[in-house]
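J.: Dumping the structure here so I can ask a few things about it.
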Ligand SMILES: Cc1cc2nc3c(=O)[nH]c(=O)nc-3n(C[C@H](O)[C@H](O)[C@H](O)COP(=O)(O)OP(=O)(O)OC[C@H]3O[C@@H](n4cnc5c(N)ncnc54)[C@H](O)[C@@H]3O)c2cc1C
Ligand SMILES: Nc1ncnc2c1ncn2[C@@H]1O[C@H](COP(=O)(O)O)[C@@H](O)[C@H]1O
């Protein structure tokens, strides 16, 4: 691939001009998104390896009181734009503003949280720069010679991890789902450089008419201590009623695999895995779940993993602490009974 | 006049059926039929509802091998008027940038249009990139996670759902909307429509002869990302203890004892 044959739609890139690792720090609704701050963790590692700066980038209106946060979690620099035109989020305006900043400063890497808004605006940013982008990365490495970011994710095909690079283009962009990385230690004594950037912000073509918060009482699965999770092996939505009983008894919540979500037995907010959520429960009970890599990825940070599956060959058993080979329709009621019995003593 | 609506659909292996061989850890692909990406059917449903309410036409586009004709016949069976299948060897190996480029050039050929509809993500790659990237190529406004669409006085008004927020936006036409997965009940195929797909020439096939795109911009060469290698997933070390026996009561007792040993508060 020589430089002479590049697509004329692409901007020419001189890789040597691009330096620095940027983390896009979401600051919507007046607070810094924790999922963004988590990315300062792999960001720090990458920046140290190629000896460059780790920079937090923030967009918004009235965010001045938030701009030190990325420094506290490990960035050495923050670049932010504080402008009334950014007071309401629209994907195009936010994405174009970020594109303008990237063109000006030329960072070699940009990581962003794969929140709903992140997944909406970051691919637009990448495309407008004709840059390579990968979604839902589960880990990173960096090639110190070429400074290529190695973006790692399980592809279609489950048990393997693909290593993806964009060797000819800069910046290199990736999104990462919340809770894939741990929040770095906060240190409020850390100091760093804060740059307020004034930049042309495009006129919005779309208009936010109203926004309304939806109250959800339930504990989200990413915060739950105990999770009883069901897969396609449950065979029907009724299976989840049984799991709910057990979850309630244990003071936990139910979750599911993607196949359970695809079947419509449980909502997508409760999907565990690479394209769902990563959970940190101290106890995770996987029922009728085979243990595909994309699922296992979501329970890397879980404490004890229990597997209930009627197939002794199911990969989940290789990835669990305690396993019972049996039909869940028999084991779950037996577990419920056993717990009740011990409590009544 | 009515609305001119274009809906983008992908032809994907049916992952509901795809399974992993537990011995080799590889994908069992043999005999796996493909389907229209289920989340794209939600976009098709929105397109058909818009057509019913405001009149107009619905055109589906898909970049896929020729076998995808079956999928396009399926959605014509749902009520889509016609379909364009973008199919040529030279498009193979495209990442999301090259795919969205090819789709956007095909969409330009269908101009003028009012509303482009995309699915939220595909079940085989799940990137959710293509909608935003296509909007970027076409330089049109866009919004994701749309659940409801109205068209009032030339303005598209949408409701969209974020995790804890419901928002209403207004967009001018032309615009691109990414429909939230599972946001509606896609209608079933009706036989007369489906027959029409077979009888009339509702599906056009466009190769790169029609699109005339440069090789540098499409397929593998037009893709900035490279899959370099695949390695086995390192697994988290676990205890891997299995209950030895058939009796479920004994199994339950064993498991609860283990959990108590681990410090889980059971009683
Ligand atoms: C790009 C991409 C992203 C993905 N992201 C995710 C993700 O985020 N999360 C996720 O979970 N998956 C994800 N997947 C899908 C993943 O590859 C698997 O297909 C999925 O996890 C399998 O779900 P499952 O274990 O419920 O179903 P299956 O693999 O069908 O397993 C069902 C299990 O139930 C067992 N069983 C059957 N009957 C019983 C019974 N009566 N009692 C006990 N056990 C029983 C069977 O032995 C089997 O092991 C993704 C796939 C792709 C391609
Ligand atoms: N090859 C394709 N042909 C037509 N539409 C596609 C294609 N790939 C993706 N799309 C559309 O883009 C959406 C998001 O796809 P993805 O980015 O692959 O998750 C899908 O739901 C489709 O609406």
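Protein chains in written order, with the numbering used here: chain A, 1 to 345; chain B, 1001 to 1267. Beta carbons are placed, not taken as given, at the ideal position from N, Cα and C, and that holds for glycine. Please read all numbers here as calculations on a predicted model, not as lab measurements.
Report all residues from its chain with a CB closer than 6 Å to the CB of residue 47 (chain A); omit the five preceding and five following residues, and keep chain order.
T.: Cβ within range, chain order: 21 and 54.
J.: Using alpha carbons as the reference points, say which of B:1186, B:1125 and B:1084 lies closest to residue 1060 (chain B).
T.: The option with the nearest alpha carbon to residue 1060 (chain B) is B:1084.
J.: Taking 8 Å as the CB-CB limit, is residue 33 (chain A) close to chain B?
T.: No, residue 33 (chain A) lies away from the interface with chain B (no Cβ there is under 8 Å from its Cβ).
J.: Specify the secondary structure class of residue 1123 (chain B) as computed by DSSP and reduced to three states.
T.: Note: residue 1123 (chain B) maps to coil in three-state DSSP.
J.: When burial is assigned at 16 or more other CB atoms within 10 Å of the CB, is residue 189 (chain A) buried or exposed?
T.: By the neighbour-count rule (16 or more Cβ atoms within 10 Å), residue 189 (chain A) is not buried but exposed.
J.: By Cβ distance, which residues of its chain are closer than 8 Å to residue 338 (chain A), with the 5 residues on each side in sequence left out?
T.: Nothing meets the Cβ criterion.
J.: I need the boundaries of the alpha helix (DSSP H) containing residue 240 (chain A), first residue and last residue.
T.: First-last of the alpha helix (DSSP H) with residue 240 (chain A): 237 to 250.
J.: Which one or two residues does DSSP pair with residue 286 (chain A) in a beta bridge?
T.: Its beta-bridge partners are A:229 and A:307.
J.: Determine, for residue 1150 (chain B), whether the minimum Cβ-Cβ distance to residues of chain A falls below 8 Å.
T.: Judged by the 8 Å Cβ criterion, residue 1150 (chain B) is not in contact with chain A.
J.: Let me check understanding here. Comparing Cα to Cα, which of A:180, A:265, A:244 and A:311 lies closest to residue 296 (chain A)?
T.: Measuring from the Cα of residue 296 (chain A), the nearest candidate turns out to be A:180.
J.: If distances are taken between C-alpha atoms only, which option among B:1098, B:1122 and B:1154 comes closest to residue 1134 (chain B)?
T.: Residue 1134 (chain B) has its Cα closest to that of B:1098, out of B:1098, B:1122 and B:1154.
J.: Using a Cβ-Cβ distance under 8 Å, would residue 7 (chain A) count as near chain B?
T.: It does: the Cβ of residue 7 (chain A) has a partner Cβ on chain B nearer than 8 Å.
J.: Compare the C-beta of residue 1243 (chain B) against all C-beta atoms of chain A and say whether one is closer than 8 Å.
T.: Chain A, which has a Cβ nearer than 8 Å to the Cβ of residue 1243 (chain B), makes this yes.
J.: Residues in the same chain with beta-carbon distance under 8 Å from residue 2 (chain A), minus the five sequence neighbours each way, listed in chain order, please.
T.: Here residue 2 (chain A) scores only 45 on pLDDT, less than 50, and its place in the model should not be relied on; the value that follows carries that caveat. Within the same chain, residue 2 (chain A) has no close Cβ partners at all.
J.: Rounded to whole angstroms, what is the Cα-Cα separation between residue 150 (chain A) and residue 141 (chain A)?
T.: If you take the alpha carbons of residue 150 (chain A) and residue 141 (chain A), they lie about 5 Å apart.
J.: Quick check on residue 1137 (chain B): does DSSP put it in helix, strand or coil?
T.: Residue state, collapsed to three classes: helix.
J.: Once DSSP output is grouped into helix, strand and coil, what is the label at residue 1074 (chain B)?
T.: Correct three-state label for residue 1074 (chain B): helix.
J.: Which residues of chain A have a Cβ atom closer than 7 Å to the Cβ of residue 1229 (chain B), listed in chain order?
T.: Result: 163.
J.: Let me check understanding here. Comparing Cα to Cα, which of A:196, A:183 and A:310 lies closest to residue 60 (chain A)?
T.: Minimum Cα distance to residue 60 (chain A) is reached at A:196.
J.: Per DSSP, residue 1245 (chain B) is paired with what?
T.: In DSSP, residue 1245 (chain B) forms no bridge with anything.
J.: On the DSSP letters alone, give me the boundaries of the beta strand (DSSP E) that residue 58 (chain A) sits inside.
T.: Unbroken beta strand (DSSP E) run through residue 58 (chain A): 54 to 60.
J.: Can you tell me which residues fall inside 5 Å of ligand 1, judged by beta-carbon distance to its nearest heavy atom, and keep chain order?
T.: This selection yields A:156, A:158, A:231, A:232, A:233, A:257, A:258, A:259, A:273, A:274, A:275, A:276, A:288, A:289, A:290, A:292, A:294, A:295, A:309, A:310, A:311, A:314, A:327, A:328 and B:1126.
J.: Taking 7 Å as the cut-off, is the beta-carbon of residue 56 (chain A) closer than that to any non-hydrogen atom of ligand 2?
T.: Because no heavy atom of ligand 2 lies under 7 Å away, the Cβ of residue 56 (chain A) does not count as near it: no.
J.: If we define contact as Cβ-Cβ less than 8 Å, is residue 11 (chain A) a contact residue for chain B?
T.: False, the Cβ-Cβ gap to chain B never drops below 8 Å.
J.: Closer than 7 Å by beta-carbon distance: list the chain A residues that pair up with residue 993 (chain B), in chain order.
T.: Shown here, chain B extends from 1001 to 1267; a query on residue 993 (chain B) therefore has no answer.
J.: Could you compute how far the alpha carbon of residue 1116 (chain B) sits from the alpha carbon of residue 1146 (chain B)?
T.: The alpha-carbon atoms of residue 1116 (chain B) and residue 1146 (chain B) are separated by roughly 12 Å.
J.: For residue 16 (chain A), decide whether its Cβ has a neighbour in chain B, counting only Cβ atoms nearer than 8 Å.
T.: Answer no: the Cβ-Cβ gap between residue 16 (chain A) and chain B never drops below 8 Å.
J.: Hey, would you say residue 184 (chain A) sits closer than 8 Å to residue 68 (chain A), going by beta carbons?
T.: Not a contact, by the Cβ cut-off of 8 Å.
J.: Could you round the C-beta distance between residue 1260 (chain B) and residue 1069 (chain B) to whole angstroms and report it? I think they count as a contact, below 8 Å.
T.: About 59 Å; that fails the 8 Å criterion.
J.: Count the other CB atoms, across all protein chains shown, that sit within 10 Å of the CB of residue 174 (chain A); report buried if there are 16 or more and exposed otherwise.
T.: By the neighbour-count rule (16 or more Cβ atoms within 10 Å), residue 174 (chain A) is buried.
J.: Are the region 29 to 37 of chain A and the region 108 to 127 of chain A touching by the rule of at least three beta carbon pairs closer than 8 Å?
T.: Yes, they touch.
J.: If you draw a straight line from the alpha carbon of residue 1063 (chain B) to that of residue 1263 (chain B), how long is it in whole angstroms?
T.: One C-alpha to the other measures close to 54 Å.
J.: Considering Cα atoms alone, identify which of A:219, A:267 and A:272 is closest to residue 248 (chain A).
T.: Measuring from the Cα of residue 248 (chain A), the nearest candidate turns out to be A:219.
J.: What are the boundary residues of the alpha helix (DSSP H) that includes residue 296 (chain A)?
T.: First-last of the alpha helix (DSSP H) with residue 296 (chain A): 293 to 297.
J.: Helix, strand or coil for residue 1142 (chain B) per DSSP?
T.: The answer is strand: DSSP assigns residue 1142 (chain B) an E or B state.
J.: Among A:73, A:103, A:246 and A:325, whose alpha-carbon lies nearest the alpha-carbon of residue 200 (chain A)?
T.: The candidate whose alpha carbon is nearest that of residue 200 (chain A) is A:103.
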